[in-house]
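*Asks:* Numbering (my numbering) for the sequence shown: 7 to 102.
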Amino acid sequence: MVKMKIKKGDKVRVLSGKDKGREGEVISVNPRLGKVVVSGINMLKSFRKKTQEEEGGIIEAEAPLTVSKVALICPKCKKAVRVGKGRVCRSCGANI
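#1: If you drop the 5 nearest sequence neighbours on each side, which residues of the same chain put their C-beta closer than 8 Å to that of ALA100?
#2: Any idea what DSSP makes of SER22, helix, strand or coil?
#3: Tell me, which residues are paired with ASN101 by DSSP?
#4: What first and last residue would you give for the beta strand (DSSP E) that runs through VAL76?
#5: Could you check whether the region 14-27 touches the region 59-79, counting it as contact only if at least three pairs of C-beta atoms, one from each stretch, sit closer than 8 Å?
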């Protein structure tokens with residue numbers, strides 16, 4: 007279990023990987039696995055078969071990212087920052 011300072015609804019920036027530099031809002035957080043799901047980031051295509059209830063086809067969905075690959079965006083200085091104790095921006099000192 008990982009101690010996470012990122013919560014659902016936070017704005018984050020991706021630090022590494024194919025979506026490096028992109029920003030999005032956190033949809034869900036899984037502290038047990040140390041992963042977060044960010045809207046519009048790390049999209050994967052899923053191929054569904056046609057059933058009686060739903061149509062088949064290609065569905066795009068967000069896949070989880072490791073917490074170490076994202077950083078919170080400070081609302082005051084608009085930078086991707088490390089967060090101190092009590093969710094305080096380490097560069098400008100603003101509460102997040």
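We put the CB at the ideal spot given by N, CA and C, even for glycine.
*Replies:* To lay it out plainly:
#1: Answer for ALA100: CYS80, PRO81, LYS82, CYS83, VAL94, listed in chain order.
#2: coil
#3: VAL94
#4: 76-79
#5: They touch, by the three-pair rule.
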